[in-house]
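This note's numbering applies: residue 34 is where the sequence shown begins, and numbers increase by one.
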Amino acid sequence: MNSTPDTEQRLIDLEIKASFSEDLLDQLNQIITRQQDQIDALRREVAALRQQMPEAGGPAFRSLRDDLPPHY
34 MNSTPDTEQR
44 LIDLEIKASF
54 SEDLLDQLNQ
64 IITRQQDQID
74 ALRREVAALR
84 QQMPEAGGPA
94 FRSLRDDLPP
104 HY
């Protein structure tokens, strides 16, 4: 099979594009993995913060006026 110079160049160009696409896909996979790790860490942090919140029956917000002495 004889390939013309034009066909050979097109094959080379396609190989180059495929190589760049593979590199980009690897980079995107790494980014997604890092983002998922960050999401997991944030979910754990939110869960820990929710456990530190006061009980639902108690007041969720206290004003500084609640702590003023009676003579004010």
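We put the beta carbon where it would ideally sit given N, CA and C, even for glycine.
- In the DSSP assignment, find the alpha helix (DSSP H) that holds D56 and state where it starts and stops. As a first step, residue 56 must be located in the sequence shown, where it is residue number 23. D56 -> alpha helix (DSSP H) spans 38 to 85.
- Task: Assign L101 to one of three DSSP states: helix, strand, or coil.
- Result: Counting from 1 along the sequence shown, the entry for residue 101 is found at position 68. DSSP, reduced to helix, strand and coil, places L101 outside both helices and strands of the structure shown, so it counts as coil.
- R43 versus L57 - alpha carbon distance: Taking the sequence shown and counting its residues from 1, the one referred to as residue 43 is at position 10. Taking the sequence shown and counting its residues from 1, the one referred to as residue 57 is at position 24. One C-alpha to the other measures close to 21 Å.
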